[in-house]
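So the number in my numbering is just where the residue sits in the sequence shown, counting from 1, plus 468. Beta carbons are placed, not taken as given, at the ideal position from N, Cα and C, and that holds for glycine.
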Amino acid sequence: MARSKSSARWLREHFTDEYVRRAQEAGYRSRSVYKLLEIQEKDRIMQLGATVVDLGAAPGGWSQLAAQRVGPQGAVIALDVLPAEPLVGVEFIQGDFRETAVLERLLNVLNSRPVDLVISDMAPNTTGIKAVDQPRGMYLAELALDFARQALRPGGDFLVKVFQGEGVDPFLRELRAAFTVVLPRKPKASRARSAEQYVLARNYRG
469 MARSKSSARW
479 LREHFTDEYV
489 RRAQEAGYRS
499 RSVYKLLEIQ
509 EKDRIMQLGA
519 TVVDLGAAPG
529 GWSQLAAQRV
539 GPQGAVIALD
549 VLPAEPLVGV
559 EFIQGDFRET
569 AVLERLLNVL
579 NSRPVDLVIS
589 DMAPNTTGIK
599 AVDQPRGMYL
609 AELALDFARQ
619 ALRPGGDFLV
629 KVFQGEGVDP
639 FLRELRAAFT
649 VVLPRKPKAS
659 RARSAEQYVL
669 ARNYRG
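So this is what it looks like as structure tokens:
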């Protein structure tokens, strides 16, 4: 079956992408690790010994970097609806974060351990219809924020992906009410044409 023009363009971009090449050479599982790495280098959100929860983790690039940065004294708990190959230093939960039972499994694994950082790269399966995709994306961001409020220690940080559009401004107001500092981030590895951006909320008020 012939490939569509859009899929052919994606394949061409993928195999000529600088970050894909760098990820392969460095042994990272995804190009998206360079988004987190740039934020880490700028904002120092991951420290040795920290506890990190990674939402929307598969295939595991962000968890891979987080485990390196927190070291064996720290902990990384990752969750995704898709499976992921095991990673040293990462405890992985497969399940749909929208389901209450999956959230309870995650909280049970934490066992009341205070979390230093919640990172969320969750995104919905897109339809190409903005009026459908945007609310789905914001719903995932809201779920991530609800979890962060439950799990973060006072002073903890939250990094979340959002898509520019309806619902972002009220979401930012929620963040500003719960955190001392709220910072927009658009890493170089995030394709310019993409509506995705990241928001870093620092110093959870608890």
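In or out: T519 buried (at least 16 other Cβ within 10 Å) or exposed? The count along the sequence shown starts at 1 and reaches residue 519 at position 51. Result: buried.
Could you pull the DSSP bridge partners for S588 from this structure? By 1-based counting over the sequence shown, the position of residue 588 is 120. The partner list for S588 (beta bridge, DSSP) reads L523, V628.
Inter-stretch contact at 8 Å, needing at least 3 Cβ pairs: the segment 564-574 / the segment 496-505: With a cut-off of 8 Å on Cβ pairs, the segment 564-574 is not in contact with the segment 496-505, counting fewer than three such pairs.
Applying the criterion that 16 or more other CB atoms from any shown protein chain within 10 Å of the CB defines a buried residue, is L668 buried or exposed? What you label residue 668 is simply residue 200 of the sequence shown in a count that begins at 1. The Cβ neighbour count for L668, taken over all protein chains shown within 10 Å, is at least 16; the residue is labelled buried.
What ranges does the beta strand (DSSP E) occupy inside the segment 619-666, keeping only unbroken runs of at least 3 residues that lie completely in it? DSSP runs (the beta strand (DSSP E)) wholly in the segment 619-666: 620-631, 647-653.
What do you reckon, are the CB atoms on R621 and P582 nearer than 7 Å? Start at 1 with the first residue of the sequence shown, and residue 621 comes out as number 153. Start at 1 with the first residue of the sequence shown, and residue 582 comes out as number 114. Closer than 7 Å, so yes.
Any chance you could list the alpha helix (DSSP H) runs of at least 4 consecutive residues sitting entirely within the segment 496-567, in chain order? Whole alpha helix (DSSP H) segments, 4+ residues: 501-511, 529-538.
Under a three-way DSSP split, which group does N576 fall into? In the sequence shown, the residue the question calls residue 576 occupies position 108. Residue state, collapsed to three classes: helix.
Euclidean distance between Cα positions of L516 and G542: Here residue 516 corresponds to residue number 48 of the sequence shown, with the count starting at 1. Here residue 542 corresponds to residue number 74 of the sequence shown, with the count starting at 1. Between L516 and G542, the alpha-carbon positions lie close to 6 Å from each other.
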